[in-house]
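One structure is given here, and the rest of the page talks about it.
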Amino acid sequence: MGKTKWIAALGITTMLFGSVLAGCGGGEKSEQANGGSKQGEKVEVTLAGWGGNPSEQKLLQQTLDDFEKKHPNIKVKYEVIADQYMDVIKTRLAGGQGPDVFYLDAFEAPALIETGALEPLDKYVTDEFDVNDFEKPMLDAFRGEDGKIYGFPKDYSTLALFYNKKMFEEAGVEVPKTWDELREAAKKLTKGKDVYGFGVAPELARLYYIAESKGGKVVTDNKASFADSKVVDALQPIVDMHLKDKTAAQPNEVGATWGGEMFGQGKAAMVIEGNWAIPFLQDTFPNLEFGTAEIPTINGKKATMAYTVAYVMNKDSQKKEAAWELISYLTGKEGMKTWTSKGYALPTRKSVAAELGFDKDPLRAPLVAGAPYATVWQNGTNLPIIVNNFNNQFVSAFLGERPLADALKEAEKTANSEIESR
Amino acid sequence: MKQTLTKKMWRETGSAYLFLSPALFVLLLFIIGPIVFAVFLAFHKVQLLGTTSFEFVGLDNFARIADDTRAKIALWNTLKYVAIVVPCQTILALVLAATLNAGLKGEKFFRIVYFLPTLTSSAVLTLIFMWMYNQNGLINHVLEAVGLPTYNWLGDPDVALNAIMIMNIWSTAPYFMVIYLAALQDIPDSLYEAAELDGANAWQKFWHVTVPYLRPVTSFVVVMGLIGTFQLFDQSYIFSAGSGGPNNSTLTVVLLIYQYAFKTLGTMGYAAALAFALAIMILIATLLQRKLSKEESLY
Numbered sequence: 005m006g007k008t009k010w011i012a013a014l015g016i017t018t019m020l021f022g023s024v025l026a027g028c029g030g031g032e033k034s035e036q037a038n039g040g041s042k043q044g045e046k047v048e049v050t051l052a053g054w055g056g057n058p059s060e061q062k063l064l065q066q067t068l069d070d071f072e073k074k075h076p077n078i079k080v081k082y083e084v085i086a087d088q089y090m091d092v093i094k095t096r097l098a099g100g101q102g103p104d105v106f107y108l109d110a111f112e113a114p115a116l117i118e119t120g121a122l123e124p125l126d127k128y129v130t131d132e133f134d135v136n137d138f139e140k141p142m143l144d145a146f147r148g149e150d151g152k153i154y155g156f157p158k159d160y161s162t163l164a165l166f167y168n169k170k171m172f173e174e175a176g177v178e179v180p181k182t183w184d185e186l187r188e189a190a191k192k193l194t195k196g197k198d199v200y201g202f203g204v205a206p207e208l209a210r211l212y213y214i215a216e217s218k219g220g221k222v223v224t225d226n227k228a229s230f231a232d233s234k235v236v237d238a239l240q241p242i243v244d245m246h247l248k249d250k251t252a253a254q255p256n257e258v259g260a261t262w263g264g265e266m267f268g269q270g271k272a273a274m275v276i277e278g279n280w281a282i283p284f285l286q287d288t289f290p291n292l293e294f295g296t297a298e299i300p301t302i303n304g305k306k307a308t309m310a311y312t313v314a315y316v317m318n319k320d321s322q323k324k325e326a327a328w329e330l331i332s333y334l335t336g337k338e339g340m341k342t343w344t345s346k347g348y349a350l351p352t353r354k355s356v357a358a359e360l361g362f363d364k365d366p367l368r369a370p371l372v373a374g375a376p377y378a379t380v381w382q383n384g385t386n387l388p389i390i391v392n393n394f395n396n397q398f399v400s401a402f403l404g405e406r407p408l409a410d411a412l413k414e415a416e417k418t419a420n421s422e423i424e425s426r
Numbered sequence: 464m465k466q467t468l469t470k471k472m473w474r475e476t477g478s479a480y481l482f483l484s485p486a487l488f489v490l491l492l493f494i495i496g497p498i499v500f501a502v503f504l505a506f507h508k509v510q511l512l513g514t515t516s517f518e519f520v521g522l523d524n525f526a527r528i529a530d531d532t533r534a535k536i537a538l539w540n541t542l543k544y545v546a547i548v549v550p551c552q553t554i555l556a557l558v559l560a561a562t563l564n565a566g567l568k569g570e571k572f573f574r575i576v577y578f579l580p581t582l583t584s585s586a587v588l589t590l591i592f593m594w595m596y597n598q599n600g601l602i603n604h605v606l607e608a609v610g611l612p613t614y615n616w617l618g619d620p621d622v623a624l625n626a627i628m629i630m631n632i633w634s635t636a637p638y639f640m641v642i643y644l645a646a647l648q649d650i651p652d653s654l655y656e657a658a659e660l661d662g663a664n665a666w667q668k669f670w671h672v673t674v675p676y677l678r679p680v681t682s683f684v685v686v687m688g689l690i691g692t693f694q695l696f697d698q699s700y701i702f703s704a705g706s707g708g709p710n711n712s713t714l715t716v717v718l719l720i721y722q723y724a725f726k727t728l729g730t731m732g733y734a735a736a737l738a739f740a741l742a743i744m745i746l747i748a749t750l751l752q753r754k755l756s757k758e759e760s761l762y
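Just so you know, the sequences run in chain order A and B. Note that the working numbering has the first sequence beginning at 5, numbered continuously upward. Note that the working numbering has the second sequence beginning at 464, numbered continuously upward.
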């Protein structure tokens, strides 16, 4: 009697243990089954990215379909990570479940390259791939400190001045060519609290080129240096426009979530936005008449920002050959042409840009024109910490809680102490 | 005789553990294990991505908290939040429960209405409130209609945390109200009758009968409230899109832990140290509360 009880107990326990263990191990097993790429068997490569608008998704799907047609032995599994993209990617990489190929913003690139989680791509590159065809600043954004390339930029976007044609006509203002003209124009365009002349995003990602326009540096030797008086001087006009002129406002002051929305709703006559705002405005506000122009010059110099995203390969990937095939197609001349053909993003290959002729498109020409002189949004491994502190304190100065110089000084101190204790 | 007894005992405990083992296994793997690992992390400098490394740094991570300006801001915000939200939601819950227990008309209907906010997930609730808090949103329109000043609830550092407080009091008070309601039904009518005979009015009955009788429940409500508010994360996370802005005004300790754990690379150890510190803080707050309420534990 006692014996049978024992055996029954043992049986139940092993069963439960077994099912728990099987539940844990299941994912890995099936992964391995896919990983062993035997000849003639289909290899499945996972590609992770953040979703775009539906038309963008369609374009990407088409590019991927083309790729699968040309490489019948490779199947692409496309995963959309809709929210908190980098957190998800980092967690998955740390857990050894990262995708084979994924999007990486230039801003996050240095820190991720430093950890060694990415596969250097130089050894895969062939002459046919033609690396020199890429716009150099965009490519350099994904170069590690060892000089190796860890990702190929899929596209980029620069900033340009968006202006409301109707409001400009009513106010009788010309499209501003210099920053001083913009400030004057904003005064004429402002109508109390209903319409602001200029919509500002008070964050470093959008203000970086202005901050450095007077020769100051936001980041020096991977540390924050934005309390420099040259940087403060360069940014002061933005704060003055908000507090003294009352001609500039940030989107949430008028109940919008971002500049494009503020502009579309007619609450700002001018905003500085990127390529992404063009399809948004055309879809959401079809009656809005707007134009784009190069960003007004500061001290006679042209400047703008460039944001770029690359395809990178997971170092732990089991299917590196297939993953490279995918990257080289997506960032190759053919794949990039399909992907950028509708103008949601601009091609990073000079040959593709020339072929698609975006420099002649009236709305996109100013954006393309900005590429050669643009500052790429990326600077060392500590930029995320620096940005966080800058943004937090800049807002307080922008809202008039304290002088800009004091706010930036404190932000710089906090950022650097955070960096030092890393 | 003695030996057979121990043998039997051994067998019994043995089979008991055998039957318990699946549960113990799950507990160890998913609850005890992570806690031990978090404590381990708190004393190390950790790099989890790419080339994984653990470097023992002793108490450095804890020492770092003292120089971290943002940690101080987060702590201050959290304390402010706890100090305002816990009393408000407790009092509101008690008052709501007392009115619902007074035998008014449509009591059941109001119970349902009051309880509804609790059923919504906090993420959805936050998104709805963000709509209402919008510069052109419902709340500002109402304030304007009654002639009160309007606020930039989402963008102004001075009001952003208050906006979250209001939202949270509104959404958690009904949950505690239900607990109070259950306790109120428990108070014997004879106590009220005796008070009435002594000439007590409604307010005196509430203050001298209801409130003292509810003390153990209040104790429970305050402790749960303390734990919940110290752990404020999702509301401020969604409110500020993960940044704790504007101007660090919605940065809470848990949000800071999240930022160090997932936003910046190589600070997982520091995040674990912060989490450890928070756990100790909640423990102290809870012990203090119990000491102050002088109540034999009933929970």
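Every residue gets a Cβ at the ideal spot worked out from N, C-alpha and C, and that includes glycine.
Taking the alpha-carbon positions, what's the residue 518 of chain B to residue 492 of chain B distance? 24 Å
Mark residue 507 of chain B as exposed unless 16 or more other C-beta atoms lie within 10 angstroms of its C-beta, in which case mark it buried. buried
Distance, residue 236 of chain A Cα to residue 399 of chain A Cα: 14 Å
So, residue 695 of chain B versus residue 719 of chain B, is the Cβ gap smaller than 8 Å? no
For residue 321 of chain A, return the contacting residues in chain B, with the cut-off set at a CB-CB distance below 7 Å. None at all; the shortest Cβ gap to chain B is about 13 Å.
State the start and end residues of the unbroken beta strand (DSSP E) segment that holds residue 510 of chain B. 507-510
How would you list, in chain order, the residues of chain A whose beta-carbon sits under 8 Å from the beta-carbon of residue 706 of chain B? 392, 395 and 396
Buried or exposed for residue 177 of chain A, please, with buried defined as at least 16 other CB atoms from any protein chain shown within 10 angstroms of its CB. buried
Residue 498 of chain B to residue 722 of chain B, Cα distance in whole Å? 19 Å
Could you name the residues that DSSP lists as bridge partners for residue 147 of chain A? A/153
Could you spell out the range, first to last residue, of the alpha helix (DSSP H) harbouring residue 200 of chain A? No alpha helix (DSSP H) holds residue 200 of chain A; the beta strand (DSSP E) holding it covers 200-203.
Ignoring anything shorter than 4 residues, give me the alpha helix (DSSP H) runs that lie fully in the stretch 214-252 of chain A, in order along the chain. 233-247
Kindly indicate which three-state DSSP category residue 310 of chain A falls into: helix, strand or coil? strand
List the whole-angstrom C-beta distance separating residue 458 of chain B from residue 559 of chain B, where the pair is believed to meet the contact cut-off of C-beta under 8 Å. Any question about residue 458 of chain B goes unanswered here, given that chain B covers just 464 to 762.
Please identify the residue among A/248, A/351, A/69 and A/238 whose C-alpha is closest to the C-alpha of residue 302 of chain A. A/238
Cβ pair residue 644 of chain B, residue 563 of chain B closer than 8 Å: yes
How would you list, in chain order, the residues of chain A whose beta-carbon sits under 7 Å from the beta-carbon of residue 617 of chain B? 256
Along chain A, in chain order, which residues have C-beta atoms closer than 7 Å to that of residue 698 of chain B? The contacting residues do not exist; residue 698 of chain B stays about 16 Å from chain A at best.
Using a Cβ-Cβ distance under 8 Å, would residue 361 of chain A count as near chain B? no
What does the Cβ neighbour count give for residue 626 of chain B, buried or exposed, with the cut at 16 atoms within 10 Å? buried
Just confirm the distance between the C-beta atoms of residue 316 of chain A and residue 106 of chain A, as a whole number of angstroms; I'd bet it's less than 8 Å. 6 Å
Taking DSSP's pairing of strands, which residues face residue 472 of chain B in a bridge? DSSP lists no partner for residue 472 of chain B.
Inter-residue Cα distance where the pair is residue 215 of chain A and residue 78 of chain A: 47 Å
Tell me, please, whether the CB atom of residue 194 of chain A is closer than 8 Å to any CB atom in chain B? no
Which runs of the alpha helix (DSSP H) fall wholly inside the stretch 119-148 of chain A and span at least 4 residues, in chain order? 140-144
Which class does residue 697 of chain B belong to by DSSP, given the choice of helix, strand or coil? helix
Straight-line gap, residue 611 of chain B to residue 117 of chain A (C-alpha atoms, nearest Å): 53 Å
Ignoring anything shorter than 4 residues or poking outside the stretch 701-737 of chain B, list the alpha helix (DSSP H) runs there in chain order. 716-721
Three-way DSSP call (helix, strand, coil) for residue 683 of chain B in this model: helix
For the structure I just gave you, are there three or more beta carbon pairs, one from the stretch 401-420 of chain A and one from the stretch 224-233 of chain A, closer than 8 Å? yes
Could you have a look at residue 652 of chain B and say whether DSSP puts it in helix, strand or coil? helix
Ignoring anything shorter than 3 residues, give me the beta strand (DSSP E) runs that lie fully in the stretch 282-360 of chain A, in order along the chain. 294-297 and 309-317
Short check: CB of residue 163 of chain A to CB of residue 374 of chain A, under 8 Å? yes
Mapping DSSP to helix, strand and coil, what is residue 624 of chain B? helix
Go through its chain and collect everything with a Cβ distance to residue 191 of chain A's Cβ below 8 Å, but skip five positions before and after it. 201, 249 and 251
Suppose only complete runs of 4+ residues qualify. What are the alpha helix (DSSP H) ranges in the stretch 529-565 of chain B, listed by chain order? 532-563
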